[in-house]
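Novice:
Protein chains: 2
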Amino acid sequence: MAQAPEPTTSEEDFSLLKLENQLCFPLYAASRQLTKAYQPYLRELDPDLTYPQYLVLLLLWEHQEMTVKELGENLLLDSGTLTPLLKRMEQKQWVSRRRDPRDERSVIIGLLPAGEVLQKPACSIPKGLLAHLEISTKELATLRRLLDHVIKKLT
Amino acid sequence: MAQAPEPTTSEEDFSLLKLENQLCFPLYAASRQLTKAYQPYLRELDPDLTYPQYLVLLLLWEHQEMTVKELGENLLLDSGTLTPLLKRMEQKQWVSRRRDPRDERSVIIGLLPAGEVLQKPACSIPKGLLAHLEISTKELATLRRLLDHVIKKLT
DNA sequence: ATAAATTTAATTTTACACAATTAAACATTA
DNA sequence: TAATGTTTAATTGTGTAAAATTAAATTTAT
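Read top to bottom, the protein sequences are chains A and B. Residues 1 to 155 in UniProt numbering are what the first sequence spells out, letter by letter. Residues 1 to 155 in UniProt numbering are what the second sequence spells out, letter by letter.
1) For the alpha helix (DSSP H) that residue 143 of chain B lies in, which residues bound it at each end?
2) Does residue 40 of chain A come within less than 9 Å of chain B when only Cβ atoms are used?
3) Which residues bound the beta strand (DSSP E) around residue 106 of chain A?
4) Where residue 9 of chain A and residue 120 of chain B are concerned, what is the direct C-alpha to C-alpha distance, given to the nearest angstrom?
5) Going by the beta-carbon positions, is the gap between residue 102 of chain B and residue 53 of chain B smaller than 9 Å?
6) Check the Cβ of residue 142 of chain B against every Cβ in chain A and list those closer than 8 Å, keeping chain order.
7) Report the option in B:64, B:28, B:24, B:95 whose CA atom is closest to the CA atom of residue 130 of chain A.
8) If you measure from the beta carbon of residue 114 of chain A to each beta carbon in chain B, is any gap under 9 Å?
9) Using CA atoms only, rank isn't needed, just tell me which of A:112, A:17, A:97 is closest to residue 105 of chain A.
10) What number of angstroms, rounded off, separates the C-alpha of residue 81 of chain B from the C-alpha of residue 71 of chain B?
11) With residue 51 of chain A and residue 42 of chain A assumed to form a contact (beta carbons below 8 Å), what rounded beta-carbon distance in angstroms separates them?
12) Contact defined as beta carbons within less than 8 Å: I believe residue 73 of chain A pairs with residue 110 of chain A. What is the distance between those atoms, to the nearest angstrom?
13) If you follow the beta strand (DSSP E) that residue 67 of chain A is in, where does it begin and where does it stop?
14) How long is the line joining the alpha carbons of residue 34 of chain A and residue 115 of chain B, rounded to whole angstroms?
15) Measuring only the C-alpha atoms, how far is residue 1 of chain A from residue 134 of chain B?
16) In or out: residue 147 of chain B buried (at least 16 other Cβ within 10 Å) or exposed?
17) If you check the beta carbons only, do residue 58 of chain A and residue 59 of chain B fall under 9 Å apart?
18) Quick check: what's the CA-CA separation for residue 100 of chain A versus residue 108 of chain A?
19) Per DSSP, residue 96 of chain A is paired with what?
20) What are the boundary residues of the alpha helix (DSSP H) that residue 36 of chain B is part of?
21) Which residues, taken in chain order from the region 58-79 of chain A, show a beta carbon closer than 9 Å to some beta carbon of chain B?
22) Kindly indicate if chain A contains any beta-carbon less than 9 Å away from that of residue 109 of chain B.
23) I'd like to know whether the C-beta atoms of residue 56 of chain A and residue 76 of chain A end up nearer to each other than 9 Å.
24) Does the beta-carbon of residue 31 of chain B have 16 or more other beta-carbons within 10 angstroms, so that it is buried, or is it exposed?
25) Which residue from B:17, B:22, B:69, B:38 puts its Cα closest to that of residue 127 of chain B?
26) Quick check on residue 75 of chain A: does DSSP put it in helix, strand or coil?
27) Quick check on DSSP: helix, strand or coil for residue 17 of chain B?
28) Excluding sequence positions up to five away, which residues of its chain have a Cβ less than 8 Å from the Cβ of residue 21 of chain A?
In structure tokens:
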């Protein structure tokens, strides 16, 4: 008797720890792969343009100028990430950086002509990428809705 | 005449360039937010444990040992990322690194006792995180399916 | 107005992430 | 087996990412 392989009465559920059962991993991997897929398109605009820099441009194309804080709120990035990134964009003459005269603590990032002219050639990027994904409009909307939900719950 | 505001006959479609209309940004933001949400849980296991290191442990808890190449294939990370990460994990005595005697080019990463004992306390992490998300099982499955599709198309 | 608390951007530190290159080891083929 | 080509991990260089700290400016309360 008692030769049964002892099922460890309080057996831990390790199955939730398998990579395939995680949500975070596919999110993490899909994000990196999609960012990587952007690269050749961004390189065409400028060999130095990175994806996070492109996100800054997307915002500035809409608003012309924003504070570092506003950029961070929109992109969910902090100044420790944005400051060096914006300094590189300043060197490329894509943006200007200056203190807000009404509040010397804030730095206003402004869109410069060299950054502005990148907008038109960037127009073809979204369509090009969507073609890679081979995803229906409906599923795309579902995906975006679910991702927005995740962001909302975690922010 | 010709005082009309010249509607630029070939008006570019800038609306696709708005941040809110992008797929990549929510993916990018959701990934970072979810990784950030993992932090307090991982800190409880060990203050030095990072999310990518946790992913390596998830694989080693399943397979005990894998080559760097196999880890990279599973995580979609290259050796330039994994090598320094694995060296840090080696210093923590979580994993061992040794050449494959049958193929001296390959480095085999093995799970050490100090890495193994982290598995049991890690079991509660997935449930804790899912609670944050407030997402139904069905929607979670949909999200994972769509993310897997994205990964598949881009890899 | 002045001290204290708060806000904000910058700085510092650590850790990914990946393209490009290098170098070593292995495999193939003549 | 010797030359060639391939595979693989490591290295190098650049660019995020984010927590923690610092410092300056502003606001608030006295």
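No residue lacks a Cβ here, since even glycine has one placed at the ideal position from N, Cα and C.
Specialist: Reading off the structure:
1) For the purposes of this step, residue 143 of chain B is taken as the residue at position 143 of the second sequence. Under the DSSP assignment, residue 143 of chain B falls in the alpha helix (DSSP H) whose first and last residues are 137-154.
2) By 1-based counting over the first sequence, the position of residue 40 of chain A is 40. No, no contact with chain B.
3) To locate residue 106 of chain A, count along the first sequence from 1; it is residue 106. Element bounds for residue 106 of chain A: 103-111.
4) Position 9 of the first sequence, counting from 1, holds the residue named residue 9 of chain A. Position 120 of the second sequence, counting from 1, holds the residue named residue 120 of chain B. Note that residue 9 of chain A has pLDDT 45, beneath the 50 cutoff, so the model's placement of it is unreliable and the number below is only indicative. Rounded to whole angstroms, residue 9 of chain A to residue 120 of chain B spans 15 Å at the Cα level.
5) The residue you call residue 102 of chain B lines up with position 102 of the second sequence. The residue you call residue 53 of chain B lines up with position 53 of the second sequence. No, these two residues do not count as a Cβ contact at 9 Å.
6) Position 142 of the second sequence, counting from 1, holds the residue named residue 142 of chain B. Those are 142, 146, listed as they occur along chain A.
7) As a working note, residue 130 of chain A is residue 130 in the first sequence. With distances taken between Cα atoms, residue 130 of chain A lies closest to B:24.
8) In the first sequence, the residue the question calls residue 114 of chain A occupies position 114. Not closer than 9 Å to any Cβ of chain B, the Cβ of residue 114 of chain A fails to qualify, so no.
9) Indexing the first sequence from 1 puts residue 105 of chain A at position 105. Comparing Cα-Cα distances from residue 105 of chain A to each of A:112, A:17, A:97, the minimum goes to A:97.
10) Position 81 of the second sequence, counted from the first residue, corresponds to residue 81 of chain B. Position 71 of the second sequence, counted from the first residue, corresponds to residue 71 of chain B. Annotation: residue 81 of chain B to residue 71 of chain B spans about 11 Å, alpha carbon to alpha carbon.
11) For the purposes of this step, residue 51 of chain A is taken as residue 51 along the first sequence, with counting starting at 1. For the purposes of this step, residue 42 of chain A is taken as residue 42 along the first sequence, with counting starting at 1. Contact between residue 51 of chain A and residue 42 of chain A holds, since their C-beta atoms are separated by about 7 Å, short of 8 Å.
12) Residue numbering aside, residue 73 of chain A sits at position 73 when the first sequence is read from its first letter. Residue numbering aside, residue 110 of chain A sits at position 110 when the first sequence is read from its first letter. About 18 Å; that fails the 8 Å criterion.
13) Here residue 67 of chain A corresponds to residue number 67 of the first sequence, with the count starting at 1. Per DSSP, residue 67 of chain A belongs to the beta strand (DSSP E) from 65-67.
14) Position 34 of the first sequence, counted from the first residue, corresponds to residue 34 of chain A. Position 115 of the second sequence, counted from the first residue, corresponds to residue 115 of chain B. For residue 34 of chain A and residue 115 of chain B, the distance between alpha carbons rounds to 32 Å.
15) Within the first sequence, numbered from 1, the residue matching residue 1 of chain A stands at position 1. Within the second sequence, numbered from 1, the residue matching residue 134 of chain B stands at position 134. Any reading at residue 1 of chain A needs caution, since the residue's pLDDT is 47, under 50, leaving its predicted position unreliable; the model's value is listed next. Cα to Cα, the separation comes out at about 47 Å.
16) Along the second sequence, read from residue 1 onward, the residue named residue 147 of chain B stands at position 147. Buried is the call here.
17) Walking along the first sequence from the start, residue 58 of chain A turns up at place 58. Walking along the second sequence from the start, residue 59 of chain B turns up at place 59. No, the pair does not count as a contact, with Cβ atoms beyond the cut-off.
18) As a first step, residue 100 of chain A must be located in the first sequence, where it is residue number 100. As a first step, residue 108 of chain A must be located in the first sequence, where it is residue number 108. Their Cα atoms are separated by approximately 6 Å.
19) In the first sequence, residue 96 of chain A corresponds to position 96, counting from 1. Bridge partners of residue 96 of chain A: A:110.
20) The sequence position of residue 36 of chain B within the second sequence is 36, counting from 1. Annotation for residue 36 of chain B: the continuous alpha helix (DSSP H) segment containing it runs 24-45.
21) Result list: 58, 59, 61, 62, 74, 75, 76, 77.
22) Position 109 of the second sequence, counting from 1, holds the residue named residue 109 of chain B. Closer than 9 Å: no.
23) Counted from its first residue, the first sequence places residue 56 of chain A at position 56. Counted from its first residue, the first sequence places residue 76 of chain A at position 76. Not in contact: residue 56 of chain A and residue 76 of chain A (Cβ atoms no closer than 9 Å).
24) As a first step, residue 31 of chain B must be located in the second sequence, where it is residue number 31. Around the beta-carbon of residue 31 of chain B, 16 or more other beta-carbon atoms lie within 10 Å, marking it buried.
25) Taking the first residue of the second sequence as 1, we reach residue 127 of chain B at position 127. Per the Cα distances, B:38.
26) As a working mapping, residue 75 of chain A is identified with position 75 in the first sequence. Secondary structure of residue 75 of chain A (DSSP, three-state): helix.
27) Residue numbering aside, residue 17 of chain B sits at position 17 when the second sequence is read from its first letter. Helix.
28) As a working mapping, residue 21 of chain A is identified with position 21 in the first sequence. These residues qualify, in order along the chain: 15.
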